[in-house]
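Notes for the one structure printed next.
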């Protein structure tokens with residue numbers, strides 16, 4: 026079973042989340058950890074194309090809104106962020 030609040034950032038990831046803050050970070054950063062963006066080849070292997078990524082992200086976003094984990098008013102800005110993800114040409 027998968028636990029916790031599932032959001033598009035977790036279910037349709039474009040980076041790895043670590044509980045370890047970057048070396049030399051302030052103490053407050055230890056609360057948030059760090060992320061490492063996936064390589065273009067990893068993105069391509071996971072989603073195939075940007076269109077497929079956006080489709081999966083949108084479906085998961087709509088699910089999270091329907092389950093009331095996210096607000097409908099957040100939808101446009103979250104989709105805009107997803108659109109910024111860079112995929113390899115091809």
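In the numbering used here, the protein residues as written are 26 to 115.
Glycine included, C-beta positions come from ideal geometry on N, C-alpha and C.
Answer yes or no: do residue i and residue j have a C-beta to C-beta separation smaller than 7 Å?
i, j, result
"residue 104", "residue 33", "no"
Could you give the distance in angstroms between the alpha-carbon of residue i and the alpha-carbon of residue j?
i, j, result
"residue 72", "residue 102", "21 Å"
"residue 37", "residue 113", "17 Å"
When burial is assigned at 16 or more other CB atoms within 10 Å of the CB, is residue i buried or exposed?
i, result
"residue 26", "For residue 26, the predicted structure reports a pLDDT of 48, less than 50, and the residue's modelled location is therefore unreliable. The matter cannot be settled from this model."
"residue 58", "exposed"
"residue 39", "buried"
In the DSSP assignment, find the unbroken alpha helix (DSSP H) run with residue i in it and report its ends.
i, result
"residue 34", "33-36"
"residue 83", "75-91"
Do you know whose CA, among the options, lies nearest residue i's CA?
i, options, result
"residue 43", "94, 78, 30 and 61", "61"
How is the beta strand (DSSP E) around residue i delimited, first residue to last?
i, result
"residue 41", "40-43"
"residue 66", "Here residue 66 belongs to no beta strand (DSSP E); instead the alpha helix (DSSP H) covers 65-72."
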